[in-house]
Every structure is written in C-alpha cells, then in structure tokens.
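Student: Dropping the structure in here first, questions after.
Numbering (the numbering used here), first residue to last: 966 to 1247.
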C-alpha cells in the first residue's frame, strides 16, 4: 500500500470508528500490513475498493476496527513509572488501606494487551512490597477488547524480548525458563482476573484504588470519546485513588475530580485524598 493512499484512507475511516489520526501516525505501517492482508482475503485490489466495500457492507466496520488495534507492550514498560509505583504509589495506597482497616488494593489494568502490565504489577507487589504490607493484598482486574491477546495473557508465557526491561531479581523469582521462552510462575498469577471488555462501551463495576489506562484511550480515541471515557474512569476511582496514563499522553481538559500527582509520569489522583497525600510534582 502506498503511504499517501493509506494516510487518506485512515483519515477517512478513523473518525467513523471514533478514533483519531494523530495517534496512528507512528503505527500506520503496521495498520497497512493488516489491511493489506484483509484486502487479499476479500480479493480487493486496493483501499479504494475497500472503501466502497465498507460502504456496502456495514458489518465490515467491526473487522476494520480490529485491524486498527496495535498492542505494544512489554514487562516493566516505562521503568520510571514502575519505580514511582514501587516507591510512592503502591505504598501510599497500602498505608491508606491499613489506616482504614482494609485488606486489599483493587487495581484495574485496562487495555492490558497480552498481560505484561498486570503481571508486572502482580510480580512487583509480591516480591518488593507484600513483605512490607503483609495485611494487604493486591487484586488486579485486567481487561482488553482482543480475545487473542487475552488468551496469550492467560497462558502467561512470553518470548525473551518481552522481558528485556524487567529487573533481574523479578525475572528470576517470578518466571520459569523453557526452551520457547519464559512462563509466569503460578503464585504470581494469583489475584489476576482476565476479562474481555471494550473500554469505549463497557467498564467493570465497583471502585478501584488504582487504574492504569496507558497508551489506549488518550492516544487513539477521538476528543469526545476521550472525555466520555475519562469521566467514567474517574467515577470508578475511590477518593484518593490513582490513575496512570501514558507518559506521552495528556488528559482532556476540564474534567473535575482529578489532580496531578506526577505530570511527567502521567500519574493523577482522585480528589479527596487524605491530608498530606498526593502532593503535586512537576
């Protein structure tokens, strides 16, 4: 596919999917490859024929929506963020839970792709933080719209490149090495629940202490959908709960009830935190 043809096609179709072109600039060639495979399946010559096909076959929009999902994930992605969560974020939530005589921290990892992010949290908590807070457990709900990615997450097995950023002590403790790669040990899968869910239309019930929504909504969704999703996410955060977005993302302006904790790392807190918690950093 020629790049100029692909750009024009994406700029035409993405708004109809409530997605935005700027989020796809860097990953557009991956999308082109997927669309080219789909053209061959449909025996269509080019994206111009595909556009006509979409106009005539409304059900094809669902297939195109799937082609536009480009999961990019690995363990311990964005080291500075996980160092912040280990040093400040999770201990703060654990201390507050102890103060309220609660025995668990509820976390939601949305857009979890193949599971690297929720497993990183589970491993980090169990190895580095659980010994400091033995009365508190970490429960993680991991959701994604892609059933194939979720099946891989449930299997818990990964190629070495997915673990290249993970600190050695976490890798050695939490994984078994096989000929084909590395698999998460059983005890580090406990407390992680996997659920197929489309963030654009559905959210889990209940309130969460920690929500991670990184490099999904605030990269790919259009402006109006970003606001809708953020309002629903904030409503699912407990007072003083923590929201994490991608370090290169920005929240839509004017949403009440959320304050920065670390703008640089994309960490925010729900208003109403206890005195002295959640001070804003640059």
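Where is the CB? At the ideal position from N, CA and C, for every residue including glycine. Keep in mind that this is a model prediction, so the values were computed, not measured.
What alpha helix (DSSP H) runs, 4 residues minimum, are completely inside the stretch 1183-1230?
Tutor: With a minimum length of 4 residues, the continuous alpha helix (DSSP H) runs that stay inside the stretch 1183-1230 are 1188-1200.
Student: Work out the CA separation of residue 1105 and residue 1156 for me, nearest whole Å.
Tutor: Stepping through the chain shown from its first residue, residue 1156 is reached at position 191. Stepping through the chain shown from its first residue, residue 1105 is reached at position 140. If I take the Cα positions, the gap works out to 6 Å.
Student: Do residue 1177 and residue 1149 have their C-beta atoms closer together than 8 Å?
Tutor: Taking the first residue of the chain shown as position 1, residue 1177 is located at position 212. Taking the first residue of the chain shown as position 1, residue 1149 is located at position 184. No, the Cβ-Cβ distance between residue 1177 and residue 1149 is not below 8 Å.
Student: Could you pull out every residue in the same chain whose Cβ sits closer than 8 Å to the Cβ of residue 1244, ignoring the five residues on either side in sequence?
Tutor: Along the chain shown, read from residue 1 onward, the residue named residue 1244 stands at position 279. Caution is warranted here: a pLDDT of 39 is assigned to residue 1244, below 50, making its placement in the model unreliable, and no coordinate value can be reported.
Student: Exposed or buried, which one is residue 1239 when buried takes at least 16 other CB atoms within 10 Å?
Tutor: By 1-based counting over the chain shown, the position of residue 1239 is 274. Here the model assigns residue 1239 a pLDDT of 47, short of 50, so the residue's position is not dependable and the matter cannot be decided.
Student: Mapping the DSSP letters down to three states, classify residue 1153 as helix, strand or coil.
Tutor: One-based indexing of the chain shown puts residue 1153 at position 188. Residue 1153: helix per DSSP, three-state reduction.
Student: Can you give the Cα-Cα distance for residue 1074 and residue 1014, rounded to whole angstroms?
Tutor: The residue given as residue 1074 occupies position 109 in the chain shown. The residue given as residue 1014 occupies position 49 in the chain shown. Cα to Cα, the separation comes out at about 38 Å.
Student: Distance check for residue 1040 and residue 1131, CA to CA, integer angstroms please.
Tutor: Along the chain shown, read from residue 1 onward, the residue named residue 1131 stands at position 166. Along the chain shown, read from residue 1 onward, the residue named residue 1040 stands at position 75. Their backbone Cα atoms lie some 6 Å apart in a straight line.
Student: Any contact of the stretch 1132-1147 with the stretch 1182-1192, i.e. 3+ C-beta pairs under 8 Å?
Tutor: Short answer: they don't touch.
Student: In terms of DSSP beta bridges, what is residue 1103 paired with?
Tutor: Position 138 of the chain shown, counted from the first residue, corresponds to residue 1103. DSSP lists 1070 as partners of residue 1103.
Student: Considering Cα atoms alone, identify which of 1045, 1094, 1038 is closest to residue 1057.
Tutor: Position 92 of the chain shown holds residue 1057. Ranking 1045, 1094, 1038 by Cα distance to residue 1057 puts 1094 first.
Student: Near residue 1063, which residues of its chain fall below 8 Å by C-beta distance, leaving aside the five closest residues on each side in sequence?
Tutor: The residue you call residue 1063 lines up with position 98 of the chain shown. Around residue 1063: 1098, 1100, 1101.
Student: Give the secondary structure of residue 1108 by DSSP, where H, G and I count as helix, E and B as strand, and everything else as coil.
Tutor: Within the chain shown, numbered from 1, the residue matching residue 1108 stands at position 143. Residue state, collapsed to three classes: strand.
Student: Are three or more beta carbon pairs between the stretch 1019-1030 and the stretch 988-996 nearer than 8 Å?
Tutor: Taking 8 Å as the limit for Cβ pairs, the verdict is that the stretch 988-996 does not touch the stretch 1019-1030.
Student: Can you give the beta carbon distance from residue 1034 to residue 1111, rounded, assuming they're within the 8 Å contact cut?
Tutor: Sequence index remark: in the chain shown, residue 1034 carries index 69 (1-based). Sequence index remark: in the chain shown, residue 1111 carries index 146 (1-based). Right, the Cβ-Cβ distance comes to about 6 Å (below 8 Å), so this counts as a contact.
Student: How should residue 1246 be labelled, buried or exposed, when 16 other C-beta atoms within 10 angstroms of its C-beta is the threshold for buried?
Tutor: The sequence position of residue 1246 within the chain shown is 281, counting from 1. In this predicted model, residue 1246 has a pLDDT of only 38, less than 50, meaning its place in the structure is not dependable enough to derive any value.
Student: Does the stretch 1123-1130 touch the stretch 1163-1172, meaning 3 or more C-beta pairs lie closer than 8 Å?
Tutor: As far as the Cβ criterion goes, the stretch 1163-1172 does not touch the stretch 1123-1130, which means the pair count is below three.
Student: Would you give the residue range spanned by the alpha helix (DSSP H) that residue 1012 belongs to?
Tutor: Against the chain shown, residue 1012 aligns to sequence position 47. That run of the alpha helix (DSSP H) goes 1012-1021.
Student: My assumption, with CB atoms under 8 Å, is that residue 1086 sits in contact with residue 1072. Please give the rounded CB distance.
Tutor: One-based indexing of the chain shown puts residue 1086 at position 121. One-based indexing of the chain shown puts residue 1072 at position 107. Their Cβ separation, rounded to whole angstroms, is 6 Å, which keeps residue 1086 and residue 1072 in contact under 8 Å.
Student: Here's the rule I'm using: 16 or more other beta-carbon atoms within 10 Å means buried, otherwise exposed. How should residue 1083 be labelled?
Tutor: Locating residue 1083 in the chain shown gives position 118, counting from the first residue. By the neighbour-count rule (16 or more Cβ atoms within 10 Å), residue 1083 is buried.
Student: Count the other CB atoms within 10 Å of the CB of residue 1108; is the residue buried (16 or more) or exposed (fewer)?
Tutor: Residue mapping note: residue 1108 aligns to position 143 of the chain shown, counting from 1. It counts as buried.
Student: Cutting at 7 Å between CB atoms, please list the residues of its own chain near residue 1182, excluding the five before and the five after it.
Tutor: As a position in the chain shown, residue 1182 is number 217, starting the count at 1. Only 1164, 1191, 1194 meet the Cβ criterion.
Student: Using CA coordinates, which residue listed in 991, 1012, 979, 1229 is at the minimum distance from residue 1043?
Tutor: Taking the first residue of the chain shown as position 1, residue 1043 is located at position 78. Ranking the options by Cα distance to residue 1043, first place goes to 1229.
Student: Roughly how many whole angstroms lie between the Cα atoms of residue 1214 and residue 1054?
Tutor: The residue labelled residue 1214 in the question sits at position 249 within the chain shown. The residue labelled residue 1054 in the question sits at position 89 within the chain shown. Answer to the nearest angstrom: the Cα atoms are 19 Å apart.
Student: Give me, in chain order, the residues of the same chain whose beta-carbon lies closer than 6 Å to that of residue 1162; leave out the 5 immediate sequence neighbours on both sides.
Tutor: Counted from its first residue, the chain shown places residue 1162 at position 197. Taken in chain order, the residues that qualify are 1108.
Student: Would you mind sorting residue 1167 into buried or exposed? The rule is 16 or more other CB atoms within 10 Å of its CB.
Tutor: As a position in the chain shown, residue 1167 is number 202, starting the count at 1. It is exposed - the Cβ of residue 1167 has fewer than 16 other Cβ atoms within 10 Å.
Student: Given a cut-off of 8 Å, decide if residue 1206 and residue 1234 are closer than it, judged by their beta-carbon atoms.
Tutor: Here residue 1234 refers to the residue found at position 269 when the chain shown is read from its first residue. Here residue 1206 refers to the residue found at position 241 when the chain shown is read from its first residue. In contact: residue 1234 and residue 1206 (Cβ atoms closer than 8 Å).
Student: Checking the sheet assignment: what are the DSSP bridge partners for residue 978?
Tutor: One-based indexing of the chain shown puts residue 978 at position 13. The partner list for residue 978 (beta bridge, DSSP) is empty, contrary to what the question assumes.
Student: Let's see if you can read the secondary structure: which residues bound the alpha helix (DSSP H) around residue 1145?
Tutor: Looking up residue 1145 in the chain shown gives position 180. That residue, residue 1145, is in no alpha helix (DSSP H); it is neither H nor E in DSSP.
Student: Which term fits residue 1145, buried or exposed, when burial requires 16 or more other beta carbons within 10 angstroms of its beta carbon?
Tutor: Here residue 1145 is taken as the residue at index 180 of the chain shown, counted from 1. Per the 10 Å Cβ criterion, exposed.
Student: Within 10 Å of its beta-carbon, does residue 1089 have 16 or more other beta-carbons around it, so buried, or fewer, so exposed?
Tutor: In the chain shown, the residue the question calls residue 1089 occupies position 124. Result: buried.
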